[in-house]
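Student: Numbering (the numbering used here), first residue to last: 290 to 353.
Using N, Cα and C, we set each Cβ at its ideal position, and we do this for glycine too.
None of these values were measured; they are calculated from a predicted model.
Quick one: this structure, given as structure tokens, is what I'll be asking you about.
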């Protein structure tokens, strides 16, 4: 069971987008991936996806 996690307050980006939840954050992080391979962004994406599956996401799961 995936749980809902919302950023409070919402994160307003310079380009006008708003990050409201983990799906928005995951989408934004994927857009920032400049090259294939494992790097720090991949680790962040993994933690965010793992947090969606956890019963209680913690700041360690979504260390941005």
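(1) Which of the three DSSP states is assigned to residue 302 in this structure?
(2) Flag this pair as yes or no: are the beta carbons of residue 320 and residue 307 separated by less than 7 Å?
(3) Assuming residue 338 contacts residue 315 (C-beta within less than 8 Å), just tell me the rounded distance between them.
(4) Going straight from the alpha carbon of residue 303 to that of residue 309, what length do you get?
Tutor: With the structure as the only source:
(1) As a position in the chain shown, residue 302 is number 13, starting the count at 1. DSSP, read as helix, strand or coil, puts residue 302 in coil.
(2) As a working note, residue 320 is residue 31 in the chain shown. As a working note, residue 307 is residue 18 in the chain shown. Cβ atoms of residue 320 and residue 307: not closer than 7 Å.
(3) The residue you call residue 338 lines up with position 49 of the chain shown. The residue you call residue 315 lines up with position 26 of the chain shown. About 7 Å separates the beta carbons of residue 338 and residue 315, which is inside the 8 Å limit, making them a contact pair.
(4) In the chain shown, counting from the first residue as 1, residue 303 sits at position 14. In the chain shown, counting from the first residue as 1, residue 309 sits at position 20. Going from the Cα of residue 303 to the Cα of residue 309 covers about 15 Å.
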